[in-house]
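Trainee: I'd like to ask some things about the structure below.
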Amino acid sequence: MSHYKPDHIISNGERFRVWLTEEEIRERTAEIGRELGRQFEGRRPIFIGVLNGAFIFLSDLMRHTPIPCEVDFIKLSSYGDEKVSSGQVTELKEIHADLAGRDVILVEDIVDTGLSISFLADKLSAMNPESLTLVTLLHKVSATTHPVTLDHVGFEIPDRFVLGYGLDYSQEGRNLAQIYIQEDA
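According to the working numbering, the sequence shown is numbered sequentially starting from 1475.
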């Protein structure tokens, strides 16, 4: 199967280059899946994916987690079509599963300011889960202003705009098999 992974792309008039290859992402995702399998061995966790960005990572992560599990989704907006957070979180789709007494694995594509994942951690904790594990593919450590403890991080990245592998720029780039970083202006 051929995946869409050019060396460079132009999105919304801006140039991006490969930052993380398909192989690097696949290897790290498999490693996190194995870690979750060990962590929740003998249990049946529910993965909560944050739409739209985390859907590809969540799909691959679940296939690498060797235990029975379930899935549900929540959709938030804090960016709109911009490259920086608006500073406000709006819930666009709620979780339908009952999380009380469950082991919950919250899966994000990227944590930058920490606003969205902090909002979600508080929201999910109020649903009385047995446990709450926070997983993100990417973490912009230097951009994080809301304190949050992440349990599993795929990659720490610089405070630069990225897209691909589910992440978008005004809805472009989600189908890229690699993660691309904006080139210096």
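For every residue, glycine included, the Cβ atom is placed at its ideal position computed from N, Cα and C. Here the structure is a predicted model, which is why all the values come from computation and not from measurement.
My output table needs one value for Q1652: the three-state DSSP class, helix, strand or coil.
Mentor: For this step, residue 1652 is matched to residue 178 along the sequence shown. DSSP places Q1652 in coil when its eight states are reduced to three.
Trainee: Closest by CA to P1632, which one among D1658, G1487, F1531, E1488?
Mentor: The sequence position of residue 1632 within the sequence shown is 158, counting from 1. Looking at the Cα atoms, D1658 is the closest of the given residues.
Trainee: Look at the Cβ atom of L1456, then the Cβ atom of L1606, and state whether they are nearer than 8 Å.
Mentor: Absent from the model: residue 1456. The displayed extent of the chain is 1475 to 1659, so no value can be given.
Trainee: Given this structure, state the Cα-to-Cα distance separating S1592 from H1477, to the nearest angstrom.
Mentor: Within the sequence shown, the letter at position 118 stands for residue 1592. Within the sequence shown, the letter at position 3 stands for residue 1477. Rounded to whole angstroms, S1592 to H1477 spans 33 Å at the Cα level.
Trainee: From which residue to which residue does the alpha helix (DSSP H) around S1590 run?
Mentor: Locating residue 1590 in the sequence shown gives position 116, where the first residue counts as 1. Counting along the chain, the alpha helix (DSSP H) containing S1590 begins and ends at 1589-1599.
Trainee: For D1572, count neighbouring Cβ atoms within 10 angstroms of its own Cβ and tell me buried if that reaches 16, exposed if not.
Mentor: Here residue 1572 refers to the residue found at position 98 of the sequence shown. Answer is exposed; the Cβ neighbour count stays below 16.
Trainee: Which residues bound the beta strand (DSSP E) around L1525?
Mentor: The residue given as residue 1525 occupies position 51 in the sequence shown. L1525 -> beta strand (DSSP E) spans 1520-1525.
Trainee: To the nearest angstrom, how far is it from the Cα of D1625 to the Cα of R1517?
Mentor: Your numbering for residue 1625 matches position 151 in the sequence shown. Your numbering for residue 1517 matches position 43 in the sequence shown. When rounded, the distance between both Cα atoms is 18 Å.
Trainee: Would DSSP call G1638 helix, strand or coil?
Mentor: Residue 1638 sits at position 164 when you count from the first residue of the sequence shown. Here G1638 sits in strand by DSSP.
Trainee: Quick check on the DSSP output: the beta strand (DSSP E) that includes R1489 runs from which residue to which?
Mentor: Here residue 1489 corresponds to residue number 15 of the sequence shown, with the count starting at 1. Unbroken beta strand (DSSP E) run through R1489: 1488-1494.
Trainee: Measure the beta-carbon distance from Y1643 to I1530 and round it to whole angstroms, keeping in mind my assumption that it falls under 8 Å.
Mentor: Translated into the one-based positions of the sequence shown, residue 1643 becomes position 169. Translated into the one-based positions of the sequence shown, residue 1530 becomes position 56. Going by Cβ atoms, the distance from Y1643 to I1530 rounds to 15 Å, so no, they are not a contact pair.
Trainee: Using 10 angstroms around the beta-carbon of Q1652, count the other beta-carbons present and answer buried if the total reaches 16, otherwise exposed.
Mentor: Here residue 1652 is taken as the residue at index 178 of the sequence shown, counted from 1. Classification for Q1652: buried.
Trainee: Just to confirm my understanding: we take K1567, look at its own chain, exclude 5 residues before and 5 after, and list those with CB closer than 7 Å. What are they?
Mentor: By 1-based counting over the sequence shown, the position of residue 1567 is 93. Excluding positions up to five away in sequence, the list reads L1525, F1547, I1548, K1549.
Trainee: Excluding the five sequence neighbours on either side, which residues of its own chain have a C-beta within less than 6 Å of the C-beta of N1649, listed in chain order?
Mentor: Counted from its first residue, the sequence shown places residue 1649 at position 175. Correct list, in chain order: Y1478.
Trainee: Is D1577 helix, strand or coil by DSSP?
Mentor: Mapped onto the sequence shown, residue 1577 falls at position 103. It is a strand residue.
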